[in-house]
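Mapping of the sequence shown onto my numbering: position 107 corresponds to residue 125, and the numbering continues sequentially without gaps. Just so it is clear, CB atoms sit at the ideal spot from N, CA and C, and this is done for glycine as well. In this text the structure is predicted, and so the values were computed from the model without any measurement. Working notes, beginning with the structure itself.
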Amino acid sequence: IIAASLEKFATEIRGLQRTEVREVEEPFGEGQTGSSAMPHKRNPELCERVCGLARVIRGHSTTALENVALWHERDISHSSAERIILPDSCLALDYVLDLFTFVMRGLRVFPDRMKHNLESSGGLVFSQRILLALIEKGLSRQKAYELVQRNAMRVWDTGASFRELLERDRDVAKHLSPGDLDKIMDYAYYTRNVDAIFARAGV
C-alpha cells in the first residue's frame, strides 16, 4: 500500500511534468541527461523509477497470498518464498521512500503554468459551479445542464470566453447577474481549504 501510494504521487508528477503541461518538475541537475536522443528533454526519471519499483513490490503480494494455503496449517513451503519477498520488499521500499523524499524536497513548482493551463479552457473549469448555481436559482437539473452545455460547446468550437457567452445568453442572464458570475468564477473557491488540508498533513 505504501509503495502504491508513492507510485500514485509519482505518476501525478510525471503527468504534470509533460512538456505541454509543465506545472511541476522533479529535481534535474546540471549536466544530467534527460534523453539520449533528444538533448532538450528533462524526463522524470526518478518518478519513473519509483513507479517501476512499486510494481515490483506490489508483485510480491501475489507470492504472499500464495503462501496462505499451507498443509495442515504449517508446512515449510512458504519459507523459501518469504526469504526472497520480505527482504526484497523492505529494501526496495526503503529505497523508494528515500528516492521520493529527494524528489519532494527538490520539486520545482510553476504557478504561472498552472494559471495558464487553467485559463486555457476559456473559463470552462467553472462549468460545474455554473450548473449548480442555476439549479439553486430554481431551474431543473436537466434545463440547467442544457444551458451550460450549449455555451460550453461554443467555447470548444469557437474559442470564445465562457463568461462572455453566459452574459450574452438571455436564459442564463435572467438567473445569474454579472455579480453572481464574479463570485462563481473565482479560483479562490477551489483553494479555500488549502490551509486546513496542509494543517492536517502537518505541513
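If you drop the 5 nearest sequence neighbours on each side, which residues of the same chain put their C-beta closer than 6 Å to that of L71?
Excluding positions up to five away in sequence, the list reads A110, V114.
Distance check for H96 and G220, CA to CA, integer angstroms please.
C-alpha separation (whole angstroms): 40 Å.
When you compare the CB positions of L117 and V42, do they come within less than 7 Å of one another, or not?
Contact: no.
Under a Cβ-count criterion, where at least 16 other Cβ atoms within 10 Å of its own Cβ denotes burial, should V127 be classed as buried or exposed?
So V127 counts as exposed.
Three-state secondary structure (DSSP) at E164?
Looking at E164 - three-state DSSP - the assignment turns out to be helix.
What did DSSP end up calling R210 once you bin it into helix, strand or coil?
Here R210 sits in coil by DSSP.
Answer with buried or exposed for S107, where buried requires no fewer than 16 other C-beta atoms within 10 angstroms of its C-beta.
So S107 counts as buried.
For I103 versus T119, is the C-beta distance shorter than 7 Å?
Cβ distance not < 7 Å, so I103 and T119 don't count as in contact.
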